[in-house]
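A.B. asks: Chains as they are written, first to last, in the working numbering: chain A, 97 to 237; chain B, 476 to 546. Virtual Cβ for every residue (Gly too), placed ideally from N, Cα, C.
Take a look at the structure:
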């Protein structure tokens, strides 16, 4: 049976939606608050950073292949720079949060900054998608 | 379920991202499983500070095969 486009879309969406449950089912062991924070916000930042880095490398590959115009490259570069700065801000906030908790102080959760970095990445990905960037092998799709 | 027409041109890229995210998430999930459940805050800070965030210009240059950007 050949799956139609929307069926693939549904399968991927379902798989993504199931990830938190998979994580929770394998997440039964008691953890310290620090381990919990790392498993939540630390890994979220790590994933975001990897997605950002691969996207920027794909921009370079597409540029070298002549698949995007210099103007498109400049726009992607600016969007990437914004992501870089927001990721650095989130990393600094997470580290400051950890240091405050280590010192026994109460500190507001840095979750907003991590989520803000995610929003910047979505903007970058939307732009990359608009210009037809192939994020798996370079060039354009 | 219907897909908004404006989204259709982007479906291949979105699917790539979806599949890529699944593989990455599974790999990270395994890392989390192997991580120390007794992590203290000092170790947390060290792990966070170890997260690498590359410079956008250097990453683009890396994608270009190390060639310097055009003036």
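(1) Please list, in chain order, the residues of the region 184-212 of chain A that have any C-beta partner in chain B closer than 7 Å.
(2) On the criterion of 16 or more Cβ atoms from any shown chain inside 10 Å, does residue 521 of chain B qualify as buried, or is it exposed?
(3) What residues of chain B sit near residue 215 of chain A, judged by a beta carbon separation below 9 Å?
(4) Just verifying my parser: in three-state terms, what is the DSSP assignment at residue 231 of chain A?
(5) I'd like the list of long-range same chain contacts for residue 179 of chain A, defined as Cβ closer than 6 Å, with 5 residues on each side in sequence excluded.
(6) Pick helix, strand or coil for residue 217 of chain A, following the three-state DSSP scheme.
(7) For residue 479 of chain B and chain A, any beta-carbon pair shorter than 9 Å?
(8) If you measure from the beta carbon of residue 165 of chain A to each beta carbon in chain B, is any gap under 9 Å?
(9) What do you get for residue 162 of chain A, buried or exposed, if any count of 16 or more other CB atoms within 10 angstroms of its CB means buried?
(10) With distance defined between alpha-carbon atoms, name the residue in A:202, A:181, A:224, A:222 nearest to residue 209 of chain A.
(11) Can you give me the C-alpha to C-alpha distance between residue 524 of chain B and residue 514 of chain B, rounded to a whole angstrom?
(12) What did DSSP end up calling residue 497 of chain B once you bin it into helix, strand or coil?
(13) From the beta carbon of residue 231 of chain A, is the nearest beta carbon of chain C less than 9 Å away?
(14) Determine the direct distance from the alpha carbon of residue 534 of chain B to that of residue 146 of chain A, and round the result to whole angstroms.
(15) Taking only heavy atoms of the ligand COA into account, decide whether any of them is closer than 8 Å to the Cβ of residue 538 of chain B.
(16) What is the DSSP secondary structure of residue 543 of chain B, counted as helix, strand or coil?
(17) Strictly below 7 Å CB to CB, what residues from chain B border residue 223 of chain A?
(18) Would you mind listing the beta strand (DSSP E) stretches within the region 179-218 of chain A that are 3+ residues and don't spill past its ends, in chain order?
(19) How is residue 479 of chain B classed by DSSP in three states: helix, strand or coil?
C.D. replies: The relevant details are as follows:
(1) Residues of the region 184-212 of chain A with a C-beta less than 7 Å from any C-beta of chain B: 184, 187, 190, 191, 194, 195, 197, 198, listed in chain order.
(2) Residue numbering aside, residue 521 of chain B sits at position 46 when the second chain is read from its first letter. Under a 10 Å Cβ-count criterion, residue 521 of chain B is classified as exposed, with fewer than 16 other Cβ atoms of the shown protein chains found around its own Cβ.
(3) As a working note, residue 215 of chain A is residue 119 in the first chain. Neighbours of residue 215 of chain A across chain B, judged by C-beta separation under 9 Å, do not exist; the nearest C-beta is about 16 Å away.
(4) As a first step, residue 231 of chain A must be located in the first chain, where it is residue number 135. When DSSP states are grouped into helix, strand and coil, residue 231 of chain A belongs to the coil group.
(5) In the first chain, counting from the first residue as 1, residue 179 of chain A sits at position 83. Excluding positions up to five away in sequence, the list reads 148, 216, 217, 220.
(6) As a position in the first chain, residue 217 of chain A is number 121, starting the count at 1. Here residue 217 of chain A sits in helix by DSSP.
(7) Here residue 479 of chain B refers to the residue found at position 4 when the second chain is read from its first residue. No, its Cβ sits nowhere closer than 9 Å to a Cβ of chain A.
(8) The sequence position of residue 165 of chain A within the first chain is 69, counting from 1. Residue 165 of chain A has a beta carbon lying at 9 Å or more from every beta carbon in chain B.
(9) For the purposes of this step, residue 162 of chain A is taken as residue 66 along the first chain, with counting starting at 1. With fewer than 16 Cβ atoms within 10 Å of its Cβ, residue 162 of chain A is classed as exposed.
(10) Residue mapping note: residue 209 of chain A aligns to position 113 of the first chain, counting from 1. The shortest C-alpha separation from residue 209 of chain A is found at A:181.
(11) Locating residue 524 of chain B in the second chain gives position 49, counting from the first residue. Locating residue 514 of chain B in the second chain gives position 39, counting from the first residue. The straight-line gap separating the alpha-carbon atoms of residue 524 of chain B and residue 514 of chain B is approximately 15 Å.
(12) Numbered from its first residue, the second chain carries residue 497 of chain B at position 22. Of the three classes helix, strand and coil, the one that applies to residue 497 of chain B here is helix, per DSSP.
(13) As a matter of chain content, chain C is missing from the structure shown, whose protein chains are A and B.
(14) Counting from one through the first chain, the residue named residue 146 of chain A turns up at place 50. Counting from one through the second chain, the residue named residue 534 of chain B turns up at place 59. Residue 146 of chain A and residue 534 of chain B: Cα-Cα distance of roughly 12 Å.
(15) Ligands are entirely absent from the displayed structure, and the ligand COA is therefore not among its contents.
(16) For the purposes of this step, residue 543 of chain B is taken as residue 68 along the second chain, with counting starting at 1. Reliability fails at residue 543 of chain B, whose pLDDT of 47 lies under 50, so the model's placement of it is uncertain and no value is given.
(17) Within the first chain, numbered from 1, the residue matching residue 223 of chain A stands at position 127. Within 7 Å of the CB of residue 223 of chain A, no CB atom of chain B is found; the nearest one sits about 11 Å away.
(18) The region 179-218 of chain A contains no whole beta strand (DSSP E) run of 3 or more residues.
(19) As a position in the second chain, residue 479 of chain B is number 4, starting the count at 1. Looking at residue 479 of chain B - three-state DSSP - the assignment turns out to be coil, as it is neither helix nor strand.
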